[in-house]
Amino acid sequence: MIMEERAVPPRVVAAERVASEAGFKKSCIPEVGRLLRLAAAAKPHGIIAESGTGSGVGTAWLHSGLGAGARLVTVERDQELARRAANVFADDKRVSVLTGDWRLLEHHAPFDVFFCDGGGKRDDPQGVVELLAPGGLLILDDFTPSPYWPPRFSGEVDELRLFYLTHPALDATEILTTPASSAVVAARRL
Ligand SMILES: C[S@@+](CC[C@H](N)C(=O)[O-])C[C@H]1O[C@@H](n2cnc3c(N)ncnc32)[C@H](O)[C@@H]1O
C-alpha cells in the first residue's frame, strides 16, 4: 500500500531532532501523536498533562492542538532530557516542562487531557484516574492488540489494561494506532 506522506508539525520535527541527538528512542509514533493533538484540540481552555516528556515529541504533538487559553504541563525525571525538551518550548509560556517524578503533576491537576506515558501508568493506575477532571481524557499508548476479552498479553490476562478499560469512573475503549499497536482512550465520567 502506498501511504500518503502526512505533514508533521515543525515543533515535532524539532523534538525528534533532540531525540536523535540524545539517543532517545522511546518517542511516540505519529499515529499516537495525531491522537494527542486531537485530544488537546478538544479541550481548548484545558489543562493538558503528560507524564514522561522524553525529548518532547509527544509534548509537541499535544502542543500542536493546544488552544490559546490552554496550558500544557509535562514532567520528565531524566534531567538532561527535560532540559533539552524545555528548549523546544522555551518561547511559549503556556508550556511547563518539569524535572522530577511524575507525582509533581499532582500540583497542576485536575487534567482535561492526561497522556500518561512515564510514571503512573503501571505504578499507580488509580492515582492516574484521580488526576482527571470530570470529562477529562486519558490516553495510554504502547499496548499490543488482543483479539480476546479480557485482553491478553503474552498469554496472560493484561490486568493493567483491564483496570483502565473497566474502571467504573471511566468510559474507556482501545483503538488501533497501527496494526500492531493500540492505545486506551478514556473519559472520566462527570
Ligand atoms: C515512553 S518515554 C516518553 C515518550 C514521550 N512521552 C513521547 O511521547 O515522545 C517514557 C519517559 O518517561 C520517563 N519516566 C519514567 N518514569 C518516570 C517517572 N516516574 N517520573 C517522570 N518521568 C518518568 C522516562 O525517563 C522516559 O523519558
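In short: position in the sequence shown from 1, add 33, done, that's our numbering.
All residues carry an ideal CB built from backbone N, CA and C; glycine is no exception.
Selection from the options that minimises the alpha carbon distance to residue i
i	options	result
Trp182	Leu198, Ala119, Gly169	Leu198
Pro184	Glu54, Leu195, Arg70	Leu195
Ala137	Ser97, Ile208, Gly151	Checking the displayed sequence, the identity of residue 137 turns out to be Leu instead of Ala. Minimum Cα distance to Leu137 is reached at Gly151.
Gly236	Asp125, Glu192, Gly87	Residue 236 lies beyond the stretch modelled for the chain, which goes from 34 to 223, so this question has no answer here.
Pro42	His96, Ser88, Arg221	His96
Ala123	Leu173, Gly133, Leu105	Leu105
Contact test: residue i Cβ vs ligand 1 heavy atom, cutoff 8 Å
i	result
Thr86	yes
Arg110	yes
Val128	no
Gly98	no
Phe122	no
Reduced DSSP category for residue i - H, G, I as helix; E, B as strand; rest coil
i	result
Thr210	strand
Gly168	strand
Phe122	coil
Enclosing beta strand (DSSP E) for residue i [first to last residue]
i	result
Ser88	Taken as a continuous stretch (DSSP letters only), Ser88 belongs to no beta strand (DSSP E), as it is neither H nor E.
Val146	144-149
Start-to-end residues for the alpha helix (DSSP H) that takes in residue i
i	result
Ser187	First-last for Ser187: undefined, no H or E at that position.
Arg70	63-74
Residue i: CB within 8 Å of a non-hydrogen atom of ligand 3
i	result
Ser60	Ligands displayed in this structure: ligand 1; ligand 3 is not among them.
Test: residue i CB closer than 9 Å to a CB of chain B
i	result
Gly79	You won't find chain B in this structure, because it holds only one protein chain.
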